[in-house]
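Novice: The structure's right below; bear with me while I get my questions together.
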Amino acid sequence: MEWAVITTWEMSLKGCGITAEALRHQENLDEAVMKGINDVEDNPEYHSVGFGGGPDREGHVRCDGGFMDGDTLHFGAVGSMEGFRSAVRVAHGLVKGDANNFLVGPGAEKFAAEHGFERRDNLTEESKKSWEEEVEKRKKPLSAYDGHDTVCFLGMQNGRCVAATSTSGLFMKEPGRVGDTPLPGNGFYADSEIGAAAGTGMGEEIMKGALSFAAVLYMKQGYTAQEAADKAVMTLDQSLKKRNGYAQPMSLIVMDKEGNFGVGTNIEFTFCTASSQSGPTLYKAMPSEEGAVITKA
Ligand code: ASP
28 MEWAVITTWE
38 MSLKGCGITA
48 EALRHQENLD
58 EAVMKGINDV
68 EDNPEYHSVG
78 FGGGPDREGH
88 VRCDGGFMDG
98 DTLHFGAVGS
108 MEGFRSAVRV
118 AHGLVKGDAN
128 NFLVGPGAEK
138 FAAEHGFERR
148 DNLTEESKKS
158 WEEEVEKRKK
168 PLSAYDGHDT
178 VCFLGMQNGR
188 CVAATSTSGL
198 FMKEPGRVGD
208 TPLPGNGFYA
218 DSEIGAAAGT
228 GMGEEIMKGA
238 LSFAAVLYMK
248 QGYTAQEAAD
258 KAVMTLDQSL
268 KKRNGYAQPM
278 SLIVMDKEGN
288 FGVGTNIEFT
298 FCTASSQSGP
308 TLYKAMPSEE
318 GAVITKA
């Protein structure tokens with residue numbers, strides 16, 4: 028395949044198409060992937076990413092994002108950053124260089140301001156309202172998974188792989204909480220000699236198994252993208268259930284360096300793909316003992 032893209036959740040279908048269109052016109056891979064993610068970040072209907080994202084306990088939308096260049100293994104990441112349009116673009120701005128690649132909070136915001144990244148308060152009237160309602164409801168306990176989903180894109184163009192992520196993290200998270208999304212090896216990983224992976228779900232679970240790195244390592248050992256995705260998620264899922272009696276939601280998208288896709292999940296999960304051989308398509312993956320069962324959605 029000349030190029031391929033795989034993205035998390037149904038909310039990314041339009042963005043997947045935007046990236047596909049850019050790659051079809053041989054645009055730069057990084058820009059093509061960021062354009063697709065921006066479509067999700069800019070949409071206030073999606074309450075887990077960018078504009079209209081879920082506020083933290085203090086009512087602030089603080090975002091995480093990451094980007095990795097599979098050729099150099101250089102990465103950039105931001106955590107708990109407030110007041111900017113696109114976490115993935117600021118993360119991408121940190122990719123160059125061998126130090127200061129991962130900035131959080133005020134440091135990330137200072138970098139973004141100094142480098143002219145577009146500002147935006149991601150708190151919308153609607154996200155403020157849901158926060159206010161939640162503050163009321165908080166008088167009773169709430170499941171930690173309520174109200175989040177990360178947009179992840181894996182792209183391949185002529186053998187070069189990248190991984191990119193963006194999220195507002197857990198709704199009502201503690202101020203300063205950073206999930207797996209900006210952590211290389213956990214929320215994303217790309218190595219053009221092997222392939223790439225990215226995760227969505229409960230960040231604190233994904234970090235226990237360094238899921239994205241695990242999947243890439245399985246591919247290095249000879250597993251296909253689908254086998255690697257299943258093996259990474261199922262191994263961690265079973266290990267957590269054995270130790271703790273339960274495992275929280277985790278889903279992983281994987282792509283090998285040829286552009287073949289794989290998905291692993293322990294919950295119902297939707298994802299989208301497009302490539303030089305097929306148009307943007309939405310799929311559903313269901314967990315099973317043998318691995319993810321994938322159907323067109
Ligand atoms: N992984 C994200 C986090 O923990 C949330 C999600 O993807 O659902 O912040």
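Note that the working numbering has the sequence shown beginning at 28, numbered continuously upward. Ideal placement from N, C-alpha and C gives every residue a C-beta, glycine not left out. Since the structure is predicted, the reported quantities are computational estimates derived from the model, not experimental observations.
Suppose contacts are defined by Cβ-Cβ distances below 8 Å. Is Ala319 in contact with Thr292 by that definition?
Specialist: Their beta carbons are under 8 Å apart, which means Ala319 touches Thr292 by this criterion.
Novice: Confirm the yes/no value for this check: CB of Met374, any heavy atom of the ligand ASP, distance under 7 Å.
Specialist: With the chain covering only 28 through 324, there is no way to say anything about residue 374.
Novice: Could you spell out where the alpha helix (DSSP H) holding Phe144 opens and where it closes?
Specialist: Careful: Phe144 lies outside any alpha helix (DSSP H) and carries neither H nor E.
Novice: If the criterion is Cβ atoms closer than 8 Å, does the pair His87 and Gly103 meet it?
Specialist: Against a cut-off of 8 Å, the Cβ pair of Gly103 and His87 comes out as no contact.
Novice: Consider the C-beta atom of Met199 and the heavy atoms of the ligand ASP; say whether any pair is separated by less than 7 Å.
Specialist: Checking the Cβ of Met199 against the ligand ASP gives no.
Novice: Quick check on the burial criterion: 16 or more other C-beta atoms within 10 angstroms. Buried or exposed for Gln265?
Specialist: Counting Cβ neighbours within 10 Å, Gln265 comes out exposed, since fewer than 16 surround it.
Novice: With hydrogens ignored, establish whether the beta-carbon of Thr151 is closer than 7 Å to any heavy atom of the ligand ASP.
Specialist: Checking the Cβ of Thr151 against the ligand ASP gives no.
Novice: Within a Cβ cutoff of 6 Å, which residues of the same chain sit near Met277, ignoring the five residues on either side of it in sequence?
Specialist: Hits under 6 Å: Gly228, Glu232, Ile233, Val260 and Asn293.
Novice: Provide the residue(s) that pair with Thr216 in DSSP beta bridges, ordered along the chain.
Specialist: Before going on, a small fix: residue 216 reads as Tyr here, not Thr. DSSP output for Tyr216 lists Ala224 as bridge partner(s).
Novice: Just to confirm, is the Cβ distance from Ala126 to Val105 under 8 Å?
Specialist: Result no, Cβ atoms of Ala126 and Val105 do not sit closer than 8 Å.
Novice: To the nearest whole angstrom, what separates the beta carbons of Gln184 and Leu56, a pair I think is in contact under 8 Å?
Specialist: Sure, about 4 Å apart at Cβ, within 8 Å.
Novice: If I measure Cβ to Cβ from Arg147 and keep anything under 6 Å in the same chain, skipping five residues before and after, which residues do I get?
Specialist: Excluding sequence neighbours, Arg147 sits near Arg112.
Novice: Taking Cβ positions, are Gly110 and Ser195 nearer each other than 8 Å?
Specialist: No, they are not a contact pair.
Novice: For Tyr245, report the span of its alpha helix (DSSP H) as first-last.
Specialist: First-last of the alpha helix (DSSP H) with Tyr245: Leu238 to Lys247.
Novice: For Pro133, does the count of other Cβ atoms within 10 angstroms reach 16, so buried, or fall short, so exposed?
Specialist: Pro133 comes out exposed.
Novice: Can you tell me whether Ala31 is helix, strand or coil according to DSSP?
Specialist: Of the three classes helix, strand and coil, the one that applies to Ala31 here is strand, per DSSP.
Novice: Could you tell me how far apart the beta carbons of Phe180 and Thr46 are, in whole angstroms, since I believe they sit closer than 8 Å?
Specialist: Yes, Phe180 and Thr46 are in contact; Cβ-Cβ is about 7 Å, under 8 Å.
Novice: As a quick exercise: from Trp30, Val67 and Leu121, pick the residue whose alpha carbon is nearest that of His52.
Specialist: Ranking Trp30, Val67 and Leu121 by Cα distance to His52 puts Trp30 first.
Novice: Please go through the region 29-91 and give each complete alpha helix (DSSP H) segment of 4 or more residues, from N-terminal end onward.
Specialist: For the region 29-91, whole alpha helix (DSSP H) runs of length 4 or above, ordered along the chain, are 40-51 and 56-68.
Novice: Using a 10 Å radius around the Cβ and a threshold of 16 neighbouring Cβ atoms, would you call Asn149 buried or exposed?
Specialist: Classification for Asn149: buried.
Novice: Can you round the beta-carbon distance between Pro71 and Thr151 to whole angstroms, since I take them to be within the 8 Å contact cut?
Specialist: Contact flag correct, Cβ pair sits at about 5 Å.
Novice: Using CA coordinates, which residue listed in Phe288, Asn271 and Thr208 is at the minimum distance from Ala256?
Specialist: Minimum Cα distance to Ala256 is reached at Phe288.
Novice: Please indicate yes or no: does the CB of Thr208 lie closer than 7 Å to some heavy atom of the ligand ASP?
Specialist: Result yes, Cβ under 7 Å from the ligand ASP.
Novice: Kindly indicate which three-state DSSP category Phe138 falls into: helix, strand or coil?
Specialist: Residue state, collapsed to three classes: helix.
Novice: Since Lys311 is in the alpha helix (DSSP H), which residue starts that stretch and which ends it?
Specialist: Premise fails: Lys311 lies in the beta strand (DSSP E), Ser305 to Met313, not in any alpha helix (DSSP H).
Novice: Can you tell me where the alpha helix (DSSP H) holding Met261 begins and where it ends?
Specialist: Its alpha helix (DSSP H) spans residues Ala252 to Asn271.
Novice: Put Pro202 into one of helix, strand or coil per three-state DSSP.
Specialist: Looking at Pro202 - three-state DSSP - the assignment turns out to be coil, as it is neither helix nor strand.
Novice: With Ser154 as the anchor, note down where its beta strand (DSSP E) starts and where it stops.
Specialist: It is not in any beta strand (DSSP E) - Ser154 instead sits in the alpha helix (DSSP H) that spans Glu152 to Lys164.
Novice: Give the single residue among Gly206, Ser219 and Ser39 whose Cα lies nearest to the Cα of Leu238.
Specialist: Ranking Gly206, Ser219 and Ser39 by Cα distance to Leu238 puts Gly206 first.
Novice: Would you please state the rounded distance, in angstroms, between the beta carbons of Ile321 and Val178? I believe it to be under 8 Å.
Specialist: In fact, because the Cβ distance is near 20 Å, the residues do not count as touching under 8 Å.
Novice: Under a three-way DSSP split, which group does Ala104 fall into?
Specialist: In the structure shown, Ala104 sits in a strand (DSSP, three-state: E or B).
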